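Letter 42 of the sequence shown, counting from 1, is numbered 42 in full-length UniProt numbering, and no numbers are missing.
Quick reminder that beta carbons are idealized off the backbone N, C-alpha and C, glycines included.
Bear in mind the structure is a predicted one, so any value in this text is a computation, not a measurement.
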Amino acid sequence: MIAAGIPASAIVRLKQATGLSEQQMAQTVGISRRTLSRRIQQANADSNQRLTAAQSDRLYRLARIVARAVEVFGDEVEAKQWLNEPKLTLNGQTPLAAISTEPGVEQVDLMLGRIEHGIFA
């Protein structure tokens, strides 16, 4: 499904579910804010519009990490706060910024696993 492109409407649903700003969504998906706005407009006009494979992959990473953070913290507000705070472990980056690459996703996922098991990262 990712290779074929996730429906662009997933951006709208994920943005609503996470409460992330358009700028945060755009950075994480690896597109400009203007392109993100265009994708949202296209999704609203045509439910068959799809993201590219690369954009779909990044959106999937975001959805997976946000869901994992909510699971670990048990609260959407705490999860969002944690995802938006710079971390020393990530060289001062926020987890949201770090997940723009696969190694960053792995590191953030590892941090969440440590927190889940009582080893604060």
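> Secondary structure at P86, three-state DSSP: helix, strand or coil?
Replying inline: In the structure shown, P86 sits in coil (DSSP, three-state: anything other than H, G, I, E or B).
> Curious, which full-length alpha helix (DSSP H) runs of at least 4 residues does the region 38 to 96 contain?
Replying inline: With a minimum length of 4 residues, the continuous alpha helix (DSSP H) runs that stay inside the region 38 to 96 are 53 to 73 and 76 to 84.
> Along the chain, where does the alpha helix (DSSP H) that runs through G118 open and close?
Replying inline: Looking at the DSSP string, G118 is not in any alpha helix (DSSP H), and its letter there is neither H nor E.
> Between which two residues does the alpha helix (DSSP H) carrying L14 extend?
Replying inline: S9 to T18 is the extent of the alpha helix (DSSP H) around L14.
>> Tell me the DSSP secondary structure of A98 in three-state form.
In response: Note: A98 maps to helix in three-state DSSP.
> Taking the alpha-carbon positions, what's the S56 to R13 distance?
Replying inline: Put simply, the backbone Cα of S56 is about 14 Å away from that of R13.
>> Less than 7 Å between the C-beta atoms of I6 and L62, yes or no?
In response: Contact flag unset, no.
> For A4, does the three-state DSSP call read helix, strand or coil?
Replying inline: In the structure shown, A4 adopts coil according to DSSP, grouped into three states.
> Helix or strand or just coil, what does DSSP make of G104?
Replying inline: Correct three-state label for G104: helix.
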